[in-house]
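A.B. asks:
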Amino acid sequence: MQNPLLTTFDEAPFSKIKNEHFKPAFLQGIEDARAEIDAIAENSDAPTFDNTIEALEFSGQQLDRISSVFFNLNSAETNEEIQKIAQEISPLLSEFGNDITLNEGLFKRVKAVYDQKDSLDLTVEQNTLLDKKYKSFSRNGANLSDDKKKRLREIDAKLAKLKLTFGENVLAETNKYQLHLTDEADLDGLPEGEKEAAAQMAISKGKEDGWMITLDYPSYIPFMKYAKNRELRKKLSLAFGSKGFHNDKLDNQENVLEIAKLRFERANLLGYKTHANFVLEERMAETPEKVHSFLNELLEKAKPAAEREFKQLEDFAKKLDGIDRLEKWDSSYYSEKLKQELFNLDDEKLKPYFKLENVINGVFKVAENLFDLNFEEVTDVEKYHDEVKTYRVYDNDKNFISLFYADFHPRAGKRGGAWMTSFKSQWKRNGENVRPHISNVCNFTPSTKSKPSLLTFNEVTTLFHEFGHGLHGMLANTTYPSLSGTSVFWDFVELPSQVLENWCYEKEALELFAKHYETGETIPMELVEKIKESATFQEGMQTLRQLSFGLLDMSWHGIEPTGITNVKAHEDEAFKDTSLYPETPETCMSTAFSHIFQGGYSSGYYSYKWAEVLDADAFAYFKEKGIFNKEVATKFKDNVLSQGGTENPMVLYKRFRGAEPKVEALLERAGLLQS
């Protein structure tokens, strides 16, 4: 029977794909892509943009589709067999990637086109593609001697495996931990809905009685926020904070050290001072020095506010419960209590207004009002799990825009967090505009026997955030797949996602979807006001936390790491200017910092804050003209969302906004400007 992954398919044929199909499909896909590459490299015609750069851009498309299906499943619906295949396949893909960038004949042709670029009549997008293709060779070893090329291949194969192992360990640690409680008094303070979810979790884990708390966010966060039992909060917090840090077979300390050192060696091989220097050359920030000065400028502004807020929290905990020393496991609990006292705002009061289906419809409505998009739920699209919802997206003229998959609840085979991805890119060829298949994956509170899935306000903003990335993918309208959608400079990629979060705080937007799941009543204005008032609650502390992650990332990647022998000691040093709580020797963030050791955020974690400056400045423009102003929305769609990586992001941003972004917009929104 034919391997479904080797057929020509538009929508991923999930029902036909079995695990045993993956490896043969990859091997065949690599072989076919290699033949395409060889044909380009060995072409006897003189190198041109069409026969070399464009041919290269559209090569290996079948392999790309196989990869997108497989690696998306490895994140959202994995199992031991898939993880084993990933370990076997990743080095092969890394090797094949090296075979392309280290192919001398191919590089010669690319360089020949690049050297005559000034005399070619290229569009802006073609110019960007040519630059990108040339750099993909020059920045990945095409100019190295043979022995150095050999070493580069070894490093890349090793890194591919290490990153997978790192992620597998984190997922296994998350799934392994279970806090089984049989005394109801231990759940004191927990809202009824959370108790019910914990009882349901216990049953699903094979326990006939009691309640189960896990390290998945929808279980972990409510417990840390509401449970009165301080000892249990401590136990859970230490378990969460020590993932990959137990000196056992799931330990990630050696993986962290090895990844950092191999990345550094790789950057040196390529002529860069550090991994961060290599990465940032292709980012808006450009250099590690600029990133440090950006982070430190914000640190200077945020630290006094953070220290004031921490003192306020300490005093509050002492007054309320006689707590003499505030610890990390007290943070969420007393912050929530203080927030309730200051604003009389409790997540439990808000949740009934945020039924998942209503929030989904709300974000669709916002997209319709801004960008003329219509979402139609369909049942004829195959999916990889029953929980996935599928939609076809059209514009107002009934043109097909995108396929959209949405997968919202935690499962054993799904990694934590929330992300946007794609099963198929957008591009234009032979007069056809090929539309993308986009997916949002989250881990939200599931429904229980008595209640539908009701989101916390934080989950609402997460849904809007990921959907912002989704829009960047859906509205893509470029010629080349590698410049399409979210294929932009990494410190620009968070702008569409972060800007969309702003609508969650606006009355005009909330009235579209924030309706009580039982009564249908629209969220009362006083709650909307409280949401807005509390938006800057502990903003100094939140900013410090984000900056600490950015500084930790740069501490691993912006220096020579060869002298680092102790992961925890190194991390403590990186955190010294941003820590407020007493240090806990049992915990370590680096060993579970998947963003930088498994995902694509190495030397890039600062980009969340960087993009916040862009998003605050961009949203200030919407606020000035009206949050559903069509003219501003169209400028954003035409200059940012649809343009992908076709031009320098600052050029695109200025075309939308008319000027460069101002850091003051962020400081003002965050309440960090001292008057």
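Residues are numbered in the working numbering as their position in the sequence shown, beginning at 1, plus a constant of 583. Using N, Cα and C, we set each Cβ at its ideal position, and we do this for glycine too.
Report buried or exposed for N686, applying the criterion of at least 16 other Cβ atoms within 10 angstroms of its Cβ.
C.D. replies: buried
A.B. asks: Check whether the Cβ atoms of N752 and G827 sit closer than 8 Å, and answer yes or no.
C.D. replies: yes
A.B. asks: Which residues in the same chain as N758 place their Cβ atom closer than 6 Å to its Cβ, once the five residues preceding and following it in sequence are excluded?
C.D. replies: A995
A.B. asks: Taking the beta carbon of I600 as the centre, do at least 16 other beta carbons fall within 10 Å, making it buried, or is it exposed?
C.D. replies: Counting Cβ neighbours within 10 Å, I600 comes out buried, since at least 16 surround it.
A.B. asks: Does K1192 come out as helix, strand or coil in the three-state DSSP assignment?
C.D. replies: helix
A.B. asks: For Q644 and G750, what's the separation of their Cα atoms in angstroms?
C.D. replies: 27 Å
A.B. asks: DSSP three-state label for Q895, please.
C.D. replies: helix
A.B. asks: Can the beta-carbon of Y803 be found closer than 8 Å to that of N1026?
C.D. replies: no
A.B. asks: Which of the three DSSP states, helix, strand or coil, is assigned to D990?
C.D. replies: Strand.
A.B. asks: Check whether the Cβ atoms of Y988 and K1007 lie closer than 8 Å to each other.
C.D. replies: no
A.B. asks: Spell out the partners DSSP gives T1062 in its beta bridges.
C.D. replies: Per DSSP, T1062 has no beta bridge partner at all.
A.B. asks: Is there a Cβ from chain C that is less than 8 Å from the Cβ of T661?
C.D. replies: Although the question refers to chain C, the structure presented lacks it and comprises just one protein chain.
A.B. asks: Where do the N-terminal and C-terminal ends of the beta strand (DSSP E) with R1012 fall, by residue?
C.D. replies: Counting along the chain, the beta strand (DSSP E) containing R1012 begins and ends at 1010-1012.
A.B. asks: Let's see if you can read the secondary structure: which residues bound the alpha helix (DSSP H) around F720?
C.D. replies: Judged by DSSP secondary structure, F720 falls within the alpha helix (DSSP H) whose first and last residues are 707-721.
A.B. asks: Pick from D1074, D714, I842, K920: whose alpha carbon is nearest that of M1294?
C.D. replies: Residue 1294 cannot be examined here, being either before or after the span of the chain that is shown, 584 to 1258.
A.B. asks: Counting C-beta neighbours from all protein chains within 10 Å, is the total for P871 16 or more, i.e. buried, or is it exposed?
C.D. replies: buried
A.B. asks: Taking C-alpha atoms, which residue in R849, E737, T711 lies nearest to H1140?
C.D. replies: R849
A.B. asks: Around the Cβ of D963, are there at least 16 other Cβ atoms within 10 angstroms (buried) or fewer (exposed)?
C.D. replies: exposed
A.B. asks: If I1021 and G1056 are in contact, beta carbons under 8 Å, what's the gap, nearest whole angstrom?
C.D. replies: 4 Å
A.B. asks: Just to check my reading of the structure: G1227 and S1070 have Cβ atoms closer than 8 Å, yes? What is that Cβ distance to the nearest angstrom?
C.D. replies: 6 Å
A.B. asks: Have a look at V839 and P1144 and give me their C-alpha separation to the nearest angstrom.
C.D. replies: V839 and P1144 have their alpha carbons spaced roughly 11 Å apart.
A.B. asks: Taking only the alpha-carbon atoms, compute the straight-line gap between N860 and F1176 and give it to the nearest angstrom.
C.D. replies: 21 Å
A.B. asks: With distances taken from CA atoms, which of E940, G945, K922, E1077 is nearest P1035?
C.D. replies: E940
A.B. asks: Tell me the residue span of the alpha helix (DSSP H) that contains Q761.
C.D. replies: Note, Q761: premise wrong, no alpha helix (DSSP H); beta strand (DSSP E) at 761-764.
A.B. asks: Can you name the start and end residues of the alpha helix (DSSP H) that V946 belongs to?
C.D. replies: 939-954
A.B. asks: DSSP three-state label for W1139, please.
C.D. replies: helix
A.B. asks: What does DSSP give as the partner residues of E960 in its beta bridges?
C.D. replies: Y974
A.B. asks: With a Cβ-Cβ cutoff of 8 Å, do E1166 and L1135 count as a contact?
C.D. replies: Against a cut-off of 8 Å, the Cβ pair of L1135 and E1166 comes out as no contact.
A.B. asks: Give me the DSSP bridge partner(s) of V1024.
C.D. replies: Answer is D990, W1002, bridged to V1024.
A.B. asks: Per DSSP, what are the beta-bridge partners of V652 in this structure?
C.D. replies: BP columns for V652 are empty, so no partner.
A.B. asks: Quick check on the burial criterion: 16 or more other C-beta atoms within 10 angstroms. Buried or exposed for I786?
C.D. replies: Note on I786: under 16 other CB atoms within 10 angstroms of its CB, so exposed under the neighbour-count rule.
A.B. asks: I'd like to check one pair, K741 with F954: are the Cβ atoms closer than 8 Å?
C.D. replies: no
A.B. asks: Can you check whether the CB of A1203 is closer than 8 Å to the CB of A1242?
C.D. replies: In this structure, A1242 sits away from A1203, with a CB-CB distance that is not shorter than 8 Å.
A.B. asks: Quick check: what's the CA-CA separation for K1245 versus L1255?
C.D. replies: 14 Å
A.B. asks: Three or more C-beta pairs under 8 Å: does that hold for the stretch 1196-1212 against the stretch 1081-1088?
C.D. replies: As far as the Cβ criterion goes, the stretch 1196-1212 touches the stretch 1081-1088, which means the pair count is three or higher.
A.B. asks: Taking the continuous beta strand (DSSP E) assigned at T797, which residues delimit it?
C.D. replies: 794-797
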